[in-house]
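Residue numbers for the sequence shown follow this note's numbering, so the first one is 1 and each next one is one higher.
Working notes, structure below.
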Amino acid sequence: MSQLIDALLNFDFMRYSLISGILIGFIAPLIGAFIVVRRLSLIADALSHVTLGGISFGMFLLTIMPTLVFINPMWFGILFAIVGALLIEKLRTSYTAYQEIAIPIIMSAGIALSAIFISLADGFNQEIVGLLFGSISAVNISDLTTIIVIAIIVVLFITLFYKELFILSFDEEYSKVIGIPKWIQFLFIVIVAMVISASMRVVGILLVSALITLPIAISMRITKSFKQLILLSVFLGELSVILGLVLAFYMDISPGGVIVVLLVILLMITMAYQKMRMKFKKGANINEYK
Numbered sequence: 001m002s003q004l005i006d007a008l009l010n011f012d013f014m015r016y017s018l019i020s021g022i023l024i025g026f027i028a029p030l031i032g033a034f035i036v037v038r039r040l041s042l043i044a045d046a047l048s049h050v051t052l053g054g055i056s057f058g059m060f061l062l063t064i065m066p067t068l069v070f071i072n073p074m075w076f077g078i079l080f081a082i083v084g085a086l087l088i089e090k091l092r093t094s095y096t097a098y099q100e101i102a103i104p105i106i107m108s109a110g111i112a113l114s115a116i117f118i119s120l121a122d123g124f125n126q127e128i129v130g131l132l133f134g135s136i137s138a139v140n141i142s143d144l145t146t147i148i149v150i151a152i153i154v155v156l157f158i159t160l161f162y163k164e165l166f167i168l169s170f171d172e173e174y175s176k177v178i179g180i181p182k183w184i185q186f187l188f189i190v191i192v193a194m195v196i197s198a199s200m201r202v203v204g205i206l207l208v209s210a211l212i213t214l215p216i217a218i219s220m221r222i223t224k225s226f227k228q229l230i231l232l233s234v235f236l237g238e239l240s241v242i243l244g245l246v247l248a249f250y251m252d253i254s255p256g257g258v259i260v261v262l263l264v265i266l267l268m269i270t271m272a273y274q275k276m277r278m279k280f281k282k283g284a285n286i287n288e289y290k
């Protein structure tokens with residue numbers, strides 16, 4: 001433990017990673033609750049690949065224009081993710097009978113752009129690998145500042161428009177009837193894109209959707225109200241991220257995989273406990289009947 005404390009005291013990147021992880025562990029499940037309830041879980045996968053396309057584009061620009069070194073490639077990732085999110089929403093309104101087709105279309109485009117720009121930016125390197133699976137050392141002060149700003153925006157947005165988001169999530173048709181403005185829906189999807197872009201630094205592009213959906217999946221089996229779902233999901237998100245970062249530090253591996261494995265283990269324990277509880281209740285009822 002002293003080794004971790006020494007690292008936090010002596011290395012800036014460790015403090016940046018921990019603070020970023022705490023913020024991401026909070027905002028990812030917070031926004032994820034609304035995503036999962038709306039049955040849009042796969043949107044995280046699509047936008048994470050679009051984000052990779054944006055970041056690789058930013059890296060490509062830096063290779064051909066070194067004078068732009070002050071620009072953080074993550075900003076391009078956020079921009080690409082926002083555009084991708086708006087396109088998904090536009091496609092969903094265009095294909096009303098087959099709304100789910102929008103996500104694989106944008107995901108394919110994101111993967112294609114990533115392949116092109118990664119190749120143009122001198123191929124795979126350590127930074128790209130860190131983006132794919134997360135990295136403790138990948139977070140710099142610019143990334144941390146961006147994540148803090150995004151976290152503030154998320155909290156303010158959900159606080160101000162919780163009622164509207166709740167209705168949109170559970171009954172989109174009713175939201176139209178009572179006149180909830182469309183711009184709230186578009187702003188929500190933009191914020192989803194921002195959260196996904198922010199999360200990938202710690203968790204990684206390939207695993208960011210797990211941090212958004214797994215805490216919700218676990219909480220759904222335990223809680224009895226939407227507010228309870230949000231609170232427990234945020235707690236599980238924080239627990240998994242902090243433990244994941246600590247274990248990744250001591251094991252010298254990417255934190256994304258550790259965080260997701262911890263959440264999967266928690267999900268399996270929850271399911272096993274519920275199954276045993278149901279068997280116990282069933283057995284008790286049979287004995288009572290006898």
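Glycine is no exception: its CB is placed at the ideal position from the N, C-alpha and C atoms.
First through last residue of the alpha helix (DSSP H) which encompasses residue i
| i | result |
| --- | --- |
| Leu211 | Val208 to Met220 |
| Val246 | Phe226 to Met251 |
| Leu61 | Ile43 to Ile64 |
| Gln185 | Lys182 to Val203 |
| Ser94 | Pro73 to Ser94 |
| Ser17 | Asp12 to Val37 |
| Ser175 | Glu172 to Val177 |
Proximity to residue i [Cα-Cα], best of the options
| i | options | result |
| --- | --- | --- |
| Ile148 | Tyr273, Phe161 and Ile27 | Ile27 |
| Gly110 | His49, Ile152, Leu231 and Lys281 | His49 |
| Ala217 | Ile178, Ile230, Ala112 and Phe166 | Ile230 |
| Leu206 | Ile128, Ile19, Phe13 and Leu267 | Ile128 |
| Ile118 | Ile105, Thr51, Ser175 and Ala81 | Thr51 |
| Gly204 | Leu79, Ile158 and Leu245 | Leu245 |
| Phe13 | Ser197, Tyr250, Thr159 and Asp143 | Asp143 |
| Ser225 | Ala272, Tyr273 and Phe170 | Phe170 |
| Thr146 | Gln3, Met278 and Ile19 | Ile19 |
| Leu266 | Gln3, Ala198, Leu168 and Leu211 | Leu211 |
| Ala81 | Phe280, Met200, Met278 and Lys281 | Met200 |
| Arg38 | Leu79, Gln99, Phe249 and Val83 | Gln99 |
Close beta carbons around residue i, own chain, < 8 Å, minus the five adjacent residues each side
| i | result |
| --- | --- |
| Gly58 | Ile71, Asn72, Pro73, Met74, Trp75, Phe76 and Gly77 |
| Phe186 | Leu86 and Glu89 |
| Gln274 | Arg221 |
| Ile167 | Tyr174, Ser175, Ile178 and Ile180 |
| Asp252 | none |
| Leu79 | Gly54 |
Contacts around residue i, its chain only, beta-carbon distance under 6 Å, and the 5 residues preceding and following it disregarded
| i | result |
| --- | --- |
| Ser240 | Ile259, Leu262 and Leu263 |
| Ser209 | Ala44 and Asp45 |
| Tyr95 | Ile101 |
| Gly130 | Ala138 |
Test item: CB-CB of residue i and residue j under 8 Å
| i | j | result |
| --- | --- | --- |
| Ala85 | Ile180 | no |
| Gly257 | Phe133 | yes |
| Val195 | Val154 | yes |
| Ala102 | Ser56 | no |
| Val202 | Ser41 | no |
| Phe34 | Leu165 | yes |
| Thr270 | Ile222 | yes |
| Glu291 | Gly32 | Residue 291 lies beyond the range of the chain shown here (1 to 290); nothing can be said about it. |
| Pro29 | Leu236 | yes |
| Ser254 | Ser135 | yes |
| Leu47 | Ala193 | yes |
| Leu247 | Ala151 | no |
| Ile158 | Gly21 | no |
Own chain partners of residue i with C-beta closer than 7 Å, once the 5 adjacent residues on each side are dropped
| i | result |
| --- | --- |
| Met220 | Leu229 |
| Val36 | Thr213 and Ile216 |
| Ile105 | Leu91 |
| Thr63 | Ala121 and Asp122 |
| Phe161 | Ile184 |
| Ser114 | His49, Leu52, Gly53 and Ser56 |
| Met107 | Asp45, Ala46 and His49 |
| Ala198 | Ile24, Thr146, Ile147 and Ile150 |
Residue i: CB within 7 Å of a non-hydrogen atom of the ligand ZN
| i | result |
| --- | --- |
| Gly25 | Ligands in the displayed structure: none, and consequently the ligand ZN is not present. |
Interface flag, residue i vs chain D, CB-CB below 8 Å
| i | result |
| --- | --- |
| Val177 | Chain labels in this structure do not include chain D; a single protein chain is all it has. |
Inside the stretch 112-152 only - alpha helix (DSSP H) runs reaching at least 4 residues: Restricting attention to alpha helix (DSSP H) runs no shorter than 4 residues, the stretch 112-152 encloses them at 126-133, ordered along the chain.
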